[in-house]
Amino acid sequence: MVVAIIGFIIFGITFSNNITSNRNNISSAQQQIATLQTQLSSANSQISSLTAQLASSNTQISSLSNQLTSANSQISTLTPQLTTAKSQITTLQNGLSAATTQISALADQSNTVNSQITALQNAVSPISGIQTQITAINTQLTSLQSMITSLSTQISNYSTTNNQTTLFTSQSISQNANSQTTVYTYTPTYAGVIYLSGTSSSATGYIRVANNSLGTSTNYPFGTGTAISAPVTGGYNYSIIFGNTDSTGIITATIIGYNFASSTSTTNQTTLFASQSVYQSANTQTQIYTFTTIYSGTVYVSGNSSSATGYIKFLNNTTGATNSYTFGTGTTINASVTAGSSYSIYFGNTDVAGTITATLSGTYYHY
28 MVVAIIGFII FGITFSNNIT SNRNNISSAQ QQIATLQTQL SSANSQISSL TAQLASSNTQ
88 ISSLSNQLTS ANSQISTLTP QLTTAKSQIT TLQNGLSAAT TQISALADQS NTVNSQITAL
148 QNAVSPISGI QTQITAINTQ LTSLQSMITS LSTQISNYST TNNQTTLFTS QSISQNANSQ
208 TTVYTYTPTY AGVIYLSGTS SSATGYIRVA NNSLGTSTNY PFGTGTAISA PVTGGYNYSI
268 IFGNTDSTGI ITATIIGYNF ASSTSTTNQT TLFASQSVYQ SANTQTQIYT FTTIYSGTVY
328 VSGNSSSATG YIKFLNNTTG ATNSYTFGTG TTINASVTAG SSYSIYFGNT DVAGTITATL
388 SGTYYHY
């Protein structure tokens, strides 16, 4: 009995402990359930959020799908255009290659043209010099034509019996290179001027008037349509010579010569000025004398200058024409003058620095 009671007590105690344990287990389970319910609630919230996000994603996917469809459509459209563009690129590359070849060919042609231009420039240089010479010769011819006109006027006014003597007419000459021929020799009775006119086939022709008595001579260029005048002194022997300065070739000339002189040594001679002293600064000129001619004739200016840069200038105040002559030590120059014209005689200095001196005398002969 006691054992039964003890056993019952032990069973009761064990049962009580089991109830306590179960209660604890239930409480723990309830806590876990509460936790799980909280987690389930949170999960439901996350599911709701994810569902919303999924709906939004589905919308985005639908939009992207539409964009992809549009992109595929654009790709389908652009693919032929890309093919066409590639074809155009190929064509342009071929054209560029051809253009490069043409550029290379043009560069070669440009180099050739530049070489030709250089050659032409080298060729033009002497041509320019020749052109300058031609221009100078034309200027001389114009001046000489004026002289011929003036001489013709003067000759028509001269008395054939008193002051004009024909030395020779239409003297024809064939002149070898670098040689000369004596055309005429004579001794004038009175002071005067030799007038020579005519033609030459080349500008290399010249006239030399030689004073055989003194052993001096003066050369005058003699081209086509040339007319020159040379002073002569009574009682001296003179030779008129035609020459050719060219180094090769033969030239021809036809020359007419006249001698004009006063009938006496004093009647037609007028002293304009004597022993006129001049001090001339660089690049300046001074008027020495001014007069008006009554008759046609020649003015002689003689004297000396301290420098070869000195010159004499004749100005025809009536026509404005000028002629300048180099004037060095022991120089004598002559200039033809026309009746009724006013003339001024100047002395000048072409030097760029320094003062030069000169002593001058001037004589006028008329016929």
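By the numbering used here, the letter at position 269 of the sequence shown is numbered 296, and the numbering carries on one by one without gaps.
Every residue, glycine too, gets a C-beta built ideally from N, C-alpha and C.
Alpha carbon of residue i to alpha carbon of residue j, nearest angstrom
i: residue 264; j: residue 201; result: 25 Å
i: residue 32; j: residue 40; result: 12 Å
i: residue 198; j: residue 283; result: 6 Å
i: residue 91; j: residue 65; result: 37 Å
i: residue 385; j: residue 367; result: 29 Å
i: residue 43; j: residue 49; result: 10 Å
i: residue 132; j: residue 107; result: 37 Å
i: residue 322; j: residue 144; result: 59 Å
i: residue 34; j: residue 55; result: 31 Å
i: residue 361; j: residue 266; result: 18 Å
i: residue 332; j: residue 210; result: 34 Å
i: residue 352; j: residue 146; result: 40 Å
i: residue 254; j: residue 139; result: 51 Å
Check whether residue i and residue j have beta carbons under 8 Å apart
i: residue 280; j: residue 226; result: yes
i: residue 296; j: residue 390; result: yes
i: residue 270; j: residue 235; result: yes
i: residue 363; j: residue 206; result: no
i: residue 326; j: residue 374; result: no
i: residue 314; j: residue 382; result: no
i: residue 248; j: residue 220; result: no
i: residue 246; j: residue 310; result: no
i: residue 355; j: residue 380; result: no
Option nearest residue i by Cα separation, candidates the options
i: residue 231; options: 141, 277, 266, 60; result: 277
i: residue 273; options: 254, 204, 63, 260; result: 204
i: residue 214; options: 159, 287, 253, 228; result: 287
i: residue 239; options: 229, 222, 250, 268; result: 268
i: residue 251; options: 84, 85, 228; result: 228
i: residue 224; options: 72, 285, 328; result: 285
i: residue 370; options: 359, 350, 358; result: 350
Residue interval of the beta strand (DSSP E) (run including residue i)
i: residue 389; result: 383-393
i: residue 354; result: Neither: residue 354 is in no beta strand (DSSP E) and is coded neither H nor E.
i: residue 264; result: Unbroken run through residue 264: none, as it is neither H nor E.
i: residue 205; result: It is not in any beta strand (DSSP E) - residue 205 carries neither H nor E in the DSSP assignment.
i: residue 372; result: 369-376
As an exercise, report each continuous beta strand (DSSP E) stretch of at least 3 residues that is fully enclosed by the region 279-350, in chain order.
Listed in chain order, they are 296-307, 311-319, 324-332, 337-343.
Practice task
Enumerate, from N- to C-terminal direction, the unbroken alpha helix (DSSP H) stretches of 4 or more residues contained entirely within the region 34-103.
Solution key: If you keep only unbroken alpha helix (DSSP H) runs of at least 4 residues inside the region 34-103, you get nothing at all.
Practice prompt. Could I get the ranges of all uninterrupted beta strand (DSSP E) runs contained in the region 214-262, with 3 residues as the minimum, in chain order?
Written response: Uninterrupted beta strand (DSSP E) stretches at least 3 residues long and entirely within the region 214-262 occur at 219-227, 232-238, 243-248, 253-259, given in chain order.
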